[in-house]
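Undergrad: My numbering puts the first residue of the sequence shown at 823, with every later residue one more than the last. We put the CB at the ideal spot given by N, CA and C, even for glycine. Predicted model only: the values in this text are computed from it and were never measured. Structure in structure tokens, see below.
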Amino acid sequence: MDTKLIKEAAEIIKNSKHLTAFTGAGISVESGIPPFRGPQGLWNTIDPTFIEISYFQSHYEDSWKDIKKIFYDFFGKAKPNAAHLALAELEKMGLLKAVITQNIDNLHQDAGSKVVYEFHGTASTLLCLRCNERFAAQNFSFEEMPPKCPKCGGRIKPDFVFYGEGIPEKAYRMSMQEATESDAVIVIGTTGEVMPACIVPQIARQNGAKVIEINISRSALTYGTTTHFLQGKAVEVMSELLKEVKAL
Ligand code: APR
Ligand code: ZN
């Protein structure tokens, strides 16, 4: 790791007036959750059609078989890692104002982060499409498949954004506001290829923010948006960065 770059990044963080974080699947890889793209990516082994909203509506049972397998049998057991914890600690220190995440795994909240905007919603709650009641996924019994609302028997949908759906209104609005107000952003583990999420760090950059990017490899943001590229795994780089910030 480049110690000079880490020190520079730590100084930017320490001197920032409005620091935010923008995270993607890469931050949760070391918690055991596979990313979507790249060699180990989910979309290499499974076709994402099952989470297209029109497919979900017309093939409710088939769609749920994969949703349960991918997002509930396995994801639900993941724990936050040192990179999630470092962001929660930066917030506690009064340095980090908000986390904007594309992830639906709830690991930022599990790590203790308080201000989290979930750009793609969350897998941790389920919505009844008939009576609008919400259920915690943790306590939901998936024994009966496809699942039915325990209250009214209606169809159930995870609260994350399916392909073909819009971004949740509040998360979108707050993310854009945070992006505009930021004078520094830490971008962690995202290809920066998915619209409209990827405009969050771009807007921040256009408004003059420093953009510190942590990724094992270059992304669509690295040239053009990133000002400080820290190559490496999220856990290792964030642990080092937090140590440097504390030492200042
Ligand atoms: N540390 C840091 N970065 C990592 C690590 C790691 N340990 N492992 C992988 N990465 C990086 C990869 O190099 C890649 O740039 O994380 C990124 C993961 O990319 P994607 O899987 O495309 O994840 P993301 O950018 O969050 O995807 C955006 O796509 O399908 C949709 O809705 C889904 O929110 C998701 C969106
Ligand atoms: Zn219901």
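Do the segment 960–968 and the segment 887–904 make contact, defined as three or more Cβ pairs closer than 8 Å?
TA: Flag = yes, the segment 960–968 and the segment 887–904 touch.
Undergrad: Are Pro902 and Asp869 close, meaning C-beta to C-beta below 8 Å?
TA: Going by C-beta atoms, Pro902 is not nearer than 8 Å to Asp869.
Undergrad: What first and last residue would you give for the beta strand (DSSP E) that runs through Glu940?
TA: Glu940 -> beta strand (DSSP E) spans Val938 to Glu940.
Undergrad: Could you check where the beta strand (DSSP E) with Asn925 kicks off and where it finishes?
TA: Taken as a continuous stretch (DSSP letters only), Asn925 belongs to no beta strand (DSSP E), as it is neither H nor E.
Undergrad: CB-CB under 6 Å to Met1017, same chain, minus the five flanking residues each way: which ones, in chain order?
TA: For Met1017, where only same-chain residues beyond five positions count, there are no Cβ hits under 6 Å.
Undergrad: Using a C-beta cutoff of 8 Å, does Phe941 count as contacting chain C?
TA: The displayed structure is made up of one protein chain only, and chain C is not part of it.
Undergrad: How about Ser935 and Leu909: are their beta carbons less than 8 Å apart?
TA: It is a contact, given that the beta carbons lie within the stated cut-off.
Undergrad: Mark Ser1039 as exposed unless 16 or more other C-beta atoms lie within 10 angstroms of its C-beta, in which case mark it buried.
TA: Its Cβ having fewer than 16 others within 10 Å, Ser1039 is exposed.
Undergrad: Quick check on Leu918: does DSSP put it in helix, strand or coil?
TA: Looking at Leu918 - three-state DSSP - the assignment turns out to be strand.
Undergrad: Would you list the one or two residues that DSSP bridges to Ala843?
TA: Note: Ala843 sits in a beta bridge opposite Val921 and Ile1008.
Undergrad: How is the alpha helix (DSSP H) around Asp981 delimited, first residue to last?
TA: Careful: Asp981 lies outside any alpha helix (DSSP H), inside the beta strand (DSSP E) at Ile978 to Phe982.
Undergrad: Could you check which residue in Thr923, Leu929 and Thr1047 has the C-alpha nearest to that of Met996?
TA: Out of Thr923, Leu929 and Thr1047, Thr923 has the C-alpha closest to the C-alpha of Met996.
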